[in-house]
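Residue numbers (the working numbering): 743 to 989. Glycine included, each C-beta is placed from N, C-alpha and C at the ideal position.
This is the structure in structure tokens:
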């Protein structure tokens, strides 16, 4: 839907060009706040050890649409997206799309659990069996696309859990949930290690003021932070909800 495209881009200040996957702002259509939620979720994922592509901002100049002459819809999106856009550094070749029930031998169970639990933490409703948005290669599992994260802001965890439909998550069939186990312990440990020196608010300070988040609803960001802080106050209870919802 966002019509992402591949470009070669120069880093600000010069340097060797890199390949980027750009998601033009116009592709978010009637969900202008989605770009902020995607950036926030991707940056937080990196902080918590979830493997995601390196997020960057790409400045789309006028004239770039010339490269999409054969794709009228994509050309129109580029023309409507001049300026800063969300992008990620291209992962390269050799990656496979995750399929339901896949469990490559090179992947640790904690990697699968953490990706699954993180989607629940950020209320990502867009990683189902028919739309995995996951790539894997060797011992790496990379999560893509968080533009539908924080789908249920302002609601309680008891309301959110059923709506997330965790049993329909593409990684659910690859979980190993035994008696007395809690799904997502590795994510919890990473959160505990990170939060001693950081807070969710830190992700939006400094250079984040330059991000293209002008269309974020005034109360979205406070609700995002409130939700994450509630997890921080009682992660064991939250992860138990995830576990119970997955059995």
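Report task. Could you tell me how far apart the beta carbons of residue 877 and residue 867 are, in whole angstroms, since I believe they sit closer than 8 Å? Result -> That belief does not hold up - the Cβ atoms of residue 877 and residue 867 are roughly 20 Å apart, past 8 Å.
Query - Anticipated Cβ contact below 8 Å, residue 795 with residue 833, distance rounded - result: Approximately 6 Å separates the beta-carbon atoms of residue 795 and residue 833; this is inside 8 Å, confirming the contact.
Query raised in the report: Going straight from the alpha carbon of residue 905 to that of residue 815, what length do you get?
Result: Residue 905 and residue 815: Cα-Cα distance of roughly 33 Å.
Query raised in the report: What are the residues that DSSP puts in a beta bridge with residue 801?
Result: Per DSSP, the beta-bridge partners of residue 801 are 826.
Requested in this report: Starting from the C-beta of residue 862, find all residues in its chain whose C-beta is less than 7 Å away, skip the five residues before and the five after it, and write them out in chain order.
Outcome: Excluding sequence neighbours, residue 862 sits near 906, 908 and 984.
Requested in this report: Check residue 887 in the structure and name its three-state DSSP category.
Outcome: Coil at residue 887, not helix or strand.
Query - Cβ-based neighbour list, residue 977, same chain, cut-off 8 Å, excluding 5 preceding and 5 following - result: Once the five neighbours on either side are set aside, the close Cβ partners of residue 977 are 930, 933 and 934.
Query raised in the report: So, is residue 770 buried or exposed, given that buried needs 16 or more other C-beta atoms within 10 angstroms?
Result: Buried, by the Cβ-count rule.
**Report entry** Environment of residue 841 [buried if 16+ CB atoms lie within 10 Å]
**Finding:** Label assigned to residue 841: exposed.
Requested in this report: My understanding is that residue 869 touches residue 875, with C-beta atoms under 8 Å, so please give their C-beta distance in whole angstroms.
Outcome: About 5 Å; that satisfies the 8 Å criterion.
Requested in this report: Please work out which residues of its chain come closer than 7 Å, Cβ to Cβ, to residue 845, disregarding the five sequence neighbours upstream and downstream, and give them in chain order.
Outcome: Around residue 845: 916.
Query raised in the report: Bridge partners of residue 747, per DSSP?
Result: Note: residue 747 sits in a beta bridge opposite 764.
Report task. Indicate the three-state DSSP secondary structure (helix, strand or coil) for residue 870 in the structure shown. Result -> Three-state result, residue 870: strand.
Requested in this report: Consult DSSP for residue 882 and reduce its assignment to one of helix, strand or coil.
Outcome: DSSP places residue 882 in the strand class (E or B) of the three-state scheme.
Requested in this report: Mark residue 989 as exposed unless 16 or more other C-beta atoms lie within 10 angstroms of its C-beta, in which case mark it buried.
Outcome: A residue is called buried once 16 or more other Cβ atoms fall within 10 Å of its Cβ, and residue 989, having fewer, is exposed.
Query raised in the report: If we count the other Cβ atoms within 10 Å of its Cβ and call it buried at 16 or more, is residue 803 buried or exposed?
Result: Residue 803 counts as exposed, since fewer than 16 other C-beta atoms from the protein chains shown sit within 10 angstroms of its C-beta.
**Report entry** Contact under 8 Å by Cβ, residue 782 with residue 966
**Finding:** Against a cut-off of 8 Å, the Cβ pair of residue 966 and residue 782 comes out as a contact.
Query raised in the report: Ordered along the chain, which non-local residues of its own chain (more than five positions away) have a Cβ less than 7 Å from that of residue 887?
Result: Non-local C-beta neighbours of residue 887 in its own chain, meaning closer than 7 Å and more than five positions away in sequence, comprise 868 and 875, ordered along the chain.
Query - Euclidean distance between Cα positions of residue 687 and residue 809 - result: Residue 687 lies beyond the stretch modelled for the chain, which goes from 743 to 989, so this question has no answer here.
Requested in this report: Spatial neighbours of residue 779 within its chain, please: CB distance less than 7 Å, with the 5 preceding and 5 following residues excluded, ordered by chain position.
Outcome: Answer for residue 779: 888, 889, 891 and 892, listed in chain order.
Query raised in the report: Can we count residue 882 as close to the ligand MG, meaning its CB is less than 7 Å from some heavy atom?
Result: With respect to small molecules bound, the structure shown includes none, and the ligand MG cannot be examined in it.
Query raised in the report: What is the rounded straight-line gap between the Cα of residue 847 and the Cα of residue 768?
Result: The straight-line gap from Cα to Cα measures roughly 39 Å.
Query raised in the report: Starting from residue 771 and walking both ways along the alpha helix (DSSP H), at which residues does that stretch end?
Result: Where residue 771 is concerned, there is no enclosing alpha helix (DSSP H), given that its DSSP letter is neither H nor E.
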